[in-house]
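Number of protein chains: 2
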Amino acid sequence: MSQKEEKILLAHGSGGLMMQNLLGSLMFKEFGNEYLDQQTDSATLPVPQGEIAFTTDSFVIDPIFFPGGNIGKLAVCGTVNDLAVSGAIPLYLSVSLIIEEGLPMADLETIVKSLSAEAKKAGVKVVTGDTKVVNRGKCDKIFINTAGVGQFRTDGRRAEGYNSIKAGDCILVTGTIGDHGMAILNARESFHFKSPLLSDCACLNGMVQQLLDEGLQLRFMRDPTRGGVAAVLNELVSKVPFGIEIEESALPLNASVKAMAELLGFDPLSVANEGKLIIVASEEDAPKVLSSLKNHEFGKDASIIGRIVETHPGKVAMTTLTGGKRLIDVPAGELLPRIC
Amino acid sequence: MSQKEEKILLAHGSGGLMMQNLLGSLMFKEFGNEYLDQQTDSATLPVPQGEIAFTTDSFVIDPIFFPGGNIGKLAVCGTVNDLAVSGAIPLYLSVSLIIEEGLPMADLETIVKSLSAEAKKAGVKVVTGDTKVVNRGKCDKIFINTAGVGQFRTDGRRAEGYNSIKAGDCILVTGTIGDHGMAILNARESFHFKSPLLSDCACLNGMVQQLLDEGLQLRFMRDPTRGGVAAVLNELVSKVPFGIEIEESALPLNASVKAMAELLGFDPLSVANEGKLIIVASEEDAPKVLSSLKNHEFGKDASIIGRIVETHPGKVAMTTLTGGKRLIDVPAGELLPRIC
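Sequence order for the protein chains is A and B.
Residue numbers for the first sequence follow our numbering, so the first one is 8 and each next one is one higher.
Residue numbers for the second sequence follow our numbering, so the first one is 8 and each next one is one higher.
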């Protein structure tokens, strides 16, 4: 059988020779570095004294290939961004694959190469991993878990945390919202929108470090993935004694995302992003944060969308395009399954 | 609907209100600690200067409940043991769940509680996590990924590594072999063996630390999971310029495992364990290691099974019960799928 037609078999995950060959010919080759090459059950890794950031995410996105990325790229971006929003510098990544028997080997190779390329771009090393294969019909093509370890800056700069948030602070979004969710839904259901719908899937650690390099005060950062901007803002007001007011007119929105959301009845505020941040910055620093973001490839469409307010604590209100006020709720029920 | 009949819905994984409620009522309640309670995208964790151990495993075992444990307990043991074999002290665990829509909530609760109890027993804290739900038929009940971070002892004691291995070193196994794999196969296929077949699933970090406390020289440790003892010994000889000789008569084996393996044509050397270690110790220290193991609840049946030899480098040979010699190969092909 040619390499092209080769498929993943149960034996590729059973701990025997075929698994060793797969690890050797693909994983170790793509990810190879001084830590992974130890090939021990756990990687031994240098860390600076103090604190580390540690996070994990499993990715079950459907389809596994989509405009703007694939599950491999996403698995790096999601975990890198969870580290980045704390201000941490991503260092190490674990990669654990659950593969459905019958997955074309060529698909696995594309995914692994994409994962490896994105990790290199983000400056994070894949240092440990795991590969399981389940019988046909017992998972859906491939699921990927990544866990990430990051270090904090030696100058102490990081996201300051909930306690630092004050009334008057500005809320920024680093670009257009809802792109990922709408792109995935479009790819999955084949709505054939003609305008380009691309996932925004990207690693944002570089952009965050640029802000910290400039010494800007960042109260809080979060990547609005599942549940979108609405979920992040509502979580935020649940942790602080303040409310939030945002302006619909200030929300960056791609025309095609707007059109698709309107047609299908989605609120872009509740649709997932994979390459955007919500940032709370002091009133004083917000314009500088905005200007720094606009100078970064992933922040060109950044916008100050609202403020932390003393009125209506615990609630997120939006001034609509028509000048009315609307309460932005926590998204409830089934949003879009399997968008990450 | 009563709590008892409640099932997992897609909405439990969609980032909205139902997910928040599930996290609050189950995950944060069970796992709660000062780090997890930060409820940030990544946990901020103190680490000592120097090195950390970092590892990951995904668990796709079928059935999810089995004699001797369940997938939750296993997900702790597997990752804790991967840290333990390097000599590291497990500190932090991430837990990422992929749940099939329709899983009874009561099953999830049992699994999460079991995971939490085993983590507490092993002295490791669940500090970060993720929950995904996929449509019915797109995974099999529940898959769990855990990643673990450990610290090394301040006295510098740890597994010495491949380079320390010398001809004459002794090879020990910490107890009966093949229990986990045969117990899972029995539970899955309902062979109705009357003699008890229990998984050996256990966290071995305490036993390893006991050996290190006693200052014993441990060249190498590995938990023989997928591929069993045969896979570990063959990997070992592939990394060192020596061979291995083991004695069949020295292999600890439960009568029921022996019977089932014989009946079904399995070689217990290739069957998975989840609560055993292969240890290479110096000739001088091996009897002390054996005696220390026998004093531990998970090492009662420990045995010196063989030696590192200068003859036949790269090969593992076994003196059989009848006095013949047999080459122990890397297990090839499909062994037992989904035993971890």
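Backbone N, C-alpha and C fix where the C-beta goes; we use that ideal spot for every residue, glycine too.
Hey, would you say residue i sits closer than 8 angstroms to residue j, going by beta carbons?
| i | j | result |
| --- | --- | --- |
| A:P259 | A:T183 | yes |
| A:A129 | A:V87 | yes |
| B:K295 | B:L223 | yes |
| A:G22 | B:P338 | yes |
| B:I285 | B:V180 | yes |
| A:C210 | A:L81 | no |
| A:L115 | A:N212 | no |
| B:G3 | B:G185 | Past the edges of chain B, shown from 8 to 347, lies residue 3 of chain B, and the structure says nothing about it. |
| B:I118 | B:I78 | yes |
| A:G94 | A:V287 | no |
| B:V83 | B:I106 | no |
| B:I20 | B:T138 | For clarity, residue 20 of chain B is Gly in the given sequence; the question names Ile instead. Yes, Cβ-Cβ distance for B:G20 and B:T138 is below 8 angstroms. |
| B:C347 | B:R195 | no |
| B:A266 | B:V278 | no |
| B:G321 | B:V244 | yes |
| A:E221 | A:S310 | no |
| A:E290 | A:G175 | yes |
With 16 other CB atoms within 10 Å as the buried threshold, where does residue i fall?
| i | result |
| --- | --- |
| B:L334 | exposed |
| A:F198 | exposed |
| A:M8 | With a pLDDT of only 48 at A:M8, under the threshold of 50, the placement of this residue in the model should not be trusted; the figure read from the coordinates follows. It counts as exposed. |
| B:T329 | exposed |
| B:G163 | exposed |
| A:G250 | buried |
| A:D292 | buried |
| B:P55 | exposed |
| B:D48 | buried |
| A:P248 | exposed |
| B:S256 | exposed |
| A:A237 | buried |
| B:E13 | exposed |
| B:E304 | exposed |
| A:A50 | buried |
| B:E281 | buried |
| A:K36 | exposed |
Residues of chain B with a CB under 9 angstroms from the CB of residue i: which are they?
| i | result |
| --- | --- |
| A:S269 | Looking at the sequence shown, residue 269 of chain A is not Ser but Glu. None at all; the shortest Cβ gap to chain B is about 21 angstroms. |
| A:G157 | S49 |
| A:A95 | S49, T51 |
Anything in chain A within Cβ reach of residue i, meaning under 9 angstroms, just list it in chain order.
| i | result |
| --- | --- |
| B:E58 | T51, L52, P53, V54 |
| B:R229 | T47, D48 |
Give the interface partners of residue i over in chain B, defined as CB-CB distance under 8 angstroms, in chain order.
| i | result |
| --- | --- |
| A:I253 | Chain B residues near A:I253: none, gap ~19 angstroms exceeds 8 angstroms. |
| A:V337 | G23, L24, Q27 |
| A:P344 | L17, G20, S21, V140, V141, N142 |
Whose Cβ in chain A lies nearer than 8 angstroms to the Cβ of residue i?
| i | result |
| --- | --- |
| B:D89 | D48, S49 |
| B:D147 | V141, K145, C146 |
| B:V134 | F61 |
| B:D64 | S103, D137 |
| B:A238 | G22, G23 |
| B:F305 | By Cβ distance, chain A contributes nothing, its closest Cβ being about 17 angstroms from B:F305, past 8 angstroms. |
Note down, in chain order, every chain A residue with its Cβ under 7 angstroms from the Cβ of residue i.
| i | result |
| --- | --- |
| B:I348 | Since the first and last residues shown for chain B are 8 and 347, residue 348 of chain B lies out of range. |
| B:V92 | D48 |
| B:A209 | Correct list: empty, because the minimum Cβ distance to chain A is about 16 angstroms. |
| B:V67 | I105, K139, V141 |
| B:A190 | Within chain A, no residue comes near B:A190; the closest Cβ sits about 17 angstroms away, beyond 7 angstroms. |
| B:A154 | T63, S101, A154 |
Using a C-beta to C-beta distance shorter than 7 angstroms, which residues of chain B count as neighbours of residue i?
| i | result |
| --- | --- |
| A:R233 | S21, G22 |
Legend entry - contact_flag[the segment 202–219 of chain B, the segment 134–145 of chain B] where n(CB pairs < 8 angstroms) is 3 or more: no
Inset, instruction - May I ask you to verify whether the segment 313–321 of chain B touches the segment 190–197 of chain B, counting CB pairs closer than 8 angstroms and requiring at least 3? - result: no
Inset, instruction - Decide yes or no for the touch test of the segment 22–33 of chain B against the segment 32–41 of chain A: beta carbon pairs closer than 8 angstroms, at least 3 of them. - result: no
Inset, instruction - Determine contact between the segment 108–122 of chain B and the segment 319–332 of chain A, defined as no fewer than three beta-carbon pairs at a distance below 8 angstroms. - result: no
Inset, instruction - Inspect the CB distances between the segment 95–107 of chain A and the segment 152–163 of chain A and report whether three or more fall short of 8 angstroms. - result: yes
Inset, instruction - Inspect the CB distances between the segment 57–66 of chain A and the segment 130–139 of chain B and report whether three or more fall short of 8 angstroms. - result: yes
Inset, instruction - Specify whether the segment 67–83 of chain A and the segment 158–165 of chain A touch according to this definition: at least 3 beta carbon pairs, one from each stretch, less than 8 angstroms apart. - result: no
Inset, instruction - Could you name each continuous alpha helix (DSSP H) segment of 4 residues or more that falls completely within the segment 226–272 of chain B, going from the start of the chain to the end? - result: 235–246, 262–271
Inset, instruction - Would you be able to state if there are at least three C-beta pairs under 8 angstroms between the segment 217–235 of chain B and the segment 162–176 of chain B? - result: yes
Inset, instruction - Mind listing, in chain order, the continuous beta strand (DSSP E) runs of no fewer than 3 residues lying wholly within the segment 142–176 of chain A? - result: 149–158
Inset, instruction - Enumerate, from N- to C-terminal direction, the unbroken alpha helix (DSSP H) stretches of 4 or more residues contained entirely within the segment 60–102 of chain A. - result: 78–91
Inset, instruction - Identify every run of the beta strand (DSSP E) within the segment 276–339 of chain A, keeping only runs that are complete inside it and at least 3 residues long; order them along the chain. - result: 285–288, 310–316, 323–326, 332–334
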